[in-house]
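Participant: Can you keep this structure in mind? I'll have questions shortly.
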Amino acid sequence: MTFGGPHWVEVGDEWWFYYAGHDGGHNTKGRKAAIDLATTKKERLIGLHGPAKGGGVVITRLLKWPGGDLFVNAASRGDGPAELSVRVSNAIRDPIKGYGHSDCTDFPGDALRHKVTWEGNASMNAFTGKLVRLEFFLQNVDLFSFVAGPSS
Numbered sequence: 000m001t002f003g004g005p006h007w008v009e010v011g012d013e014w015w016f017y018y019a020g021h022d023g024g025h026n027t028k029g030r031k032a033a034i035d036l037a038t039t040k041k042e043r044l045i046g047l048h049g050p051a052k053g054g055g056v057v058i059t060r061l062l063k064w065p066g067g068d069l070f071v072n073a074a075s076r077g078d079g080p081a082e083l084s085v086r087v088s089n090a091i092r093d094p095i096k097g098y099g100h101s102d103c104t105d106f107p108g109d110a111l112r113h114k115v116t117w118e119g120n121a122s123m124n125a126f127t128g129k130l131v132r133l134e135f136f137l138q139n140v141d142l143f144s145f146v147a148g149p150s151s
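The opening residue of the sequence shown carries number 0 in numbering that gives the first Met the number 0; numbering runs sequentially from there.
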């Protein structure tokens, strides 16, 4: 039996969850209790799972880009080829020249805050105030979050 709280503690690049546990259920006599710790990398509780064979695409709704660069929190899994790329398209999913999957620079394989760029170091900052869709291609990669933000 375990009891967890609704909050976590941010420590470096991790989230720490303290919880209480017992070695028996409610009606168990003589059960022992302990406090323990579970950890995970930031923002990695839930993710989108890209299949290992052939990959898959996840498309956002239409977004008004707020400005800044695009950052992803993602990690490749296991053996075999892994790929994460982003295509930027318009309202009817026509790709924007220079922002296709083949133009996207390589993903390092595991990053909490990877800046997505395209050939020539093009960034999402060019779309400030414009309506776009992001089309994430994921092969053997888990995508946990994406965010707009300034380069750090």
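Where is the CB? At the ideal position from N, CA and C, for every residue including glycine.
Comparing C-alpha positions only, which one of His21, Pro5, Asp22 and Gly20 sits nearest to Trp14?
Facilitator: Against the sequence shown, residue 14 aligns to sequence position 15. The option with the nearest alpha carbon to Trp14 is Pro5.
Participant: Please list the terminal residues of the continuous beta strand (DSSP E) segment that includes Ser88.
Facilitator: Residue 88 sits at position 89 when you count from the first residue of the sequence shown. Taken as a continuous stretch (DSSP letters only), the beta strand (DSSP E) holding Ser88 covers Glu82 to Ser88.
Participant: Could you check what DSSP says for Asn124 in three-state terms: helix, strand or coil?
Facilitator: Here residue 124 corresponds to residue number 125 of the sequence shown, with the count starting at 1. If DSSP states are grouped into helix, strand and coil, Asn124 belongs with the helices.
Participant: My output table needs one value for Gly119: the three-state DSSP class, helix, strand or coil.
Facilitator: Looking up residue 119 in the sequence shown gives position 120. Three-state DSSP puts Gly119 in a helix.
Participant: Could you name the residues of the same chain whose beta carbon sits closer than 8 Å to that of Ala121, not counting the 5 residues immediately before and after it, in chain order?
Facilitator: By one-based count along the sequence shown, residue 121 stands at place 122. Once the five neighbours on either side are set aside, the close Cβ partners of Ala121 are Gly97, Tyr98 and Asp102.
Participant: In the DSSP output, what is Asp68 paired with across the bridge?
Facilitator: To locate residue 68, count along the sequence shown from 1; it is residue 69. Gly148, per the DSSP bridge assignment.
Participant: Output the distance between the C-alpha atoms of Gly54 and Leu137, rounded to the nearest integer angstrom.
Facilitator: On the sequence shown, residue 54 is found 55 positions in, with the first residue counted as 1. On the sequence shown, residue 137 is found 138 positions in, with the first residue counted as 1. Cα to Cα, the separation comes out at about 5 Å.
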